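**Student:**
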Amino acid sequence: MKLWTIGFGFLLASCTLGTSMESVNYDHLFHDSNSKVWVVNKLMVDNAVISPNALYDKHLIIFYRNRNCDYIPFRDLTREAPRKGDFFVDSDKRTLDIKFYDNREEWKLDFVYLTEDSILLSPRKDSDIQMSMQLKPFQEL
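Counting from 720, one number per residue, gives the positions in the sequence shown under our numbering.
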């Protein structure tokens with residue numbers, strides 16, 4: 720039995736030697752190599768949710784492949800121009816930075832968690848927004 724365990728361990732180790740691990744690139748998560756609409760599902764201050772429950776009253780963030788983004792209330796989607804900005808994802812540091820053109824506001828956010836259907840972002844101390852936000856992909860209507 721010991722010989723079998725040693726042999727299995729050797730076989731397992733030989734399969735992984737020389738294999739390099741690549742870091743995950745979170746850029747594509749936000750825009751899917753084209754554009755992707757995210758709902759700001761929750762806004763939180765000190766773990767208290769301050770965002771509305773109805774989808775119509777929430778905000779949307781649209782991330783584009785060219786690193787541009789739009790931020791707009793869902794109710795104003797066809798009536799007003801969105802706030803425009805650009806974004807940068809640092810996959811190694813697990814951060815998202817958004818700079819808006821209209822007033823030079825900058826959101827500096829850290830990833831708290833990533834799941835297949837949501838992202839929780841927490842503000843850094845030097846961010847112009849001081850609320851955590853949960854993003855969810857826009858669901859089919």
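Glycine included, every Cβ here is placed at the ideal spot set by N, Cα and C.
Given the structure is predicted, the values throughout are model-derived calculations rather than measurements.
Among N760, R786 and I769, whose alpha-carbon lies nearest the alpha-carbon of N753?
**Tutor:** Nearest option by C-alpha distance: R786.
**Student:** Closest to S841 by C-alpha separation, out of F830, V768 and K855, would be which residue?
**Tutor:** S841 has its Cα closest to that of F830, out of F830, V768 and K855.
**Student:** Once you ignore the five residues that flank K818 on each side, which residues in its own chain have a CB closer than 7 Å to its CB?
**Tutor:** Taken in chain order, the residues that qualify are G804, D805 and E825.
**Student:** Could you pull the start and end residues of the beta strand (DSSP E) that D702 belongs to?
**Tutor:** Absent from the model: residue 702. The displayed extent of the chain is 720 to 860, so no value can be given.
**Student:** May I ask which residues mark the beginning and end of the alpha helix (DSSP H) holding L796?
**Tutor:** Note, L796: premise wrong, no alpha helix (DSSP H); not H, not E.
**Student:** Is the CB-CB distance between M850 and V759 below 7 Å?
**Tutor:** Not closer than 7 Å, so no.
**Student:** In the DSSP assignment, find the unbroken alpha helix (DSSP H) run with L748 in it and report its ends.
**Tutor:** Residues D746 to H750.
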